[in-house]
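Chemist:
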Amino acid sequence: DVKVTQSSRYLVKRTGEKVFLECVQDMDHENMFWYRQDPGLGLRLIYFSYDVKMKEKGDIPEGYSVSREKKERFSLILESASTNQTSMYLCASSNHRGMEETQYFGPGTRLLVL
Amino acid sequence: AQSVTQLGSHVSVSEGALVLLRCNYSSSVPPYLFWYVQYPNQGLQLLLKYTSAATLVKGINGFEAEFKKSETSFHLTKPSAHMSDAAEYFCAVSHFGNEKLTFGTGTRLTIIP
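Note that the protein sequences, when read in sequence, are chains A and B. If you're matching positions, the first sequence starts at 1 in this note's numbering and goes up one per residue. If you're matching positions, the second sequence starts at 1001 in this note's numbering and goes up one per residue.
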């Protein structure tokens, strides 16, 4: 079974803090994705990566950055957390560059910024 | 550009009744279409996907969906609802040459005992 794990299920941070969300997949997938999920808005893509050290902006990259130093690990960074970044963050991975390839999701990190 | 519209943010059905969750897509090229399910406090899990083979796609847990190009629809159905089907359901679209998925806003399904 594909396993995508996220470092925390729940996280509480203060405004202005630097926040790291970690995602690890164990299936040697090339593609990794970060989404945020908000009620009534569905999932919106923040950043994605096709390969190590490669990243591309998604639909809502402002206020976020990412790092992919190893194939299995994809980190989302909030340089200076703000209250409007309170959300559920979901990581996903998929194989190759196949458009029909299934994305496998982690359990999510619910972030509260105070 | 591609987009997905899910009609009805909340749907309630009685246990044993038909489940119908609606999804319409917009894509300038032939689409690939997906339904994902999210149970409470969990990530998303693939229910089924359409990738230009059979237009009627069968998925897990008794769900199926039919791709109708003329109606630009990919509605999800299940003949008889079970209490364990209570969850949020997301429709998503991608297309050849684009690895990104575009998700709909989701439909929360409630099952009435």
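Positions of the beta carbon are idealized from the N, C-alpha and C atoms, including for glycine. Just so we're clear, the structure is a prediction, and the values are computed from it rather than from any experiment.
1. Taking 8 Å as the threshold, find out whether the region 1033-1046 of chain B comes into contact with the region 1082-1091 of chain B through three or more Cβ pairs.
2. Quick check: A:D26 and A:K71, are their CB atoms within less than 8 Å of each other?
3. Could you tell me whether the region 2-15 of chain A touches the region 79-89 of chain A, using the rule of 3 or more Cβ pairs below 8 Å?
4. Please state whether DSSP places B:T1107 in a helix, a strand or coil.
5. Across the region 1004-1014 of chain B and the region 1093-1108 of chain B, are there enough close Cβ pairs to call them in contact, namely three or more that are closer than 8 Å?
6. Looking at the strands, I want to know which residues DSSP matches up with A:Y104.
7. How long is the line joining the alpha carbons of B:R1022 and B:S1073, rounded to whole angstroms?
8. According to DSSP, is B:Q1045 helix, strand or coil?
9. For the beta strand (DSSP E) containing B:E1088, list its first residue and its last residue.
10. Pick from A:N31, A:S49, A:D59: whose alpha carbon is nearest that of A:G42?
11. Under the assumption that A:F76 contacts A:V66 (Cβ atoms under 8 Å), give the Cβ distance between them as a whole number of angstroms.
Modeler: In short, the structure shows the following:
1. At 8 Å Cβ cutoff, the stretches touch.
2. Not a contact, by the Cβ cut-off of 8 Å.
3. Yes, since at least three Cβ pairs between the region 2-15 of chain A and the region 79-89 of chain A fall closer than 8 Å, the two stretches touch.
4. DSSP places B:T1107 in strand when its eight states are reduced to three.
5. Counting C-beta pairs with one atom in each stretch, the region 1004-1014 of chain B and the region 1093-1108 of chain B have three or more that are closer than 8 Å, which means they touch.
6. In DSSP, A:Y104 forms a bridge with A:S93.
7. The alpha-carbon atoms of B:R1022 and B:S1073 are separated by roughly 8 Å.
8. Taken through DSSP and simplified to helix, strand or coil, B:Q1045 comes out as strand.
9. DSSP places B:E1088 inside the beta strand (DSSP E), whose first and last residues are 1087-1095.
10. Nearest C-alpha to A:G42 among A:N31, A:S49, A:D59: A:D59.
11. Correcting the residue identity first, residue 76 of chain A is Leu in this sequence and not Phe. Between the beta-carbon of A:L76 and that of A:V66 there is about 6 Å, and that keeps the pair under the 8 Å contact cut.
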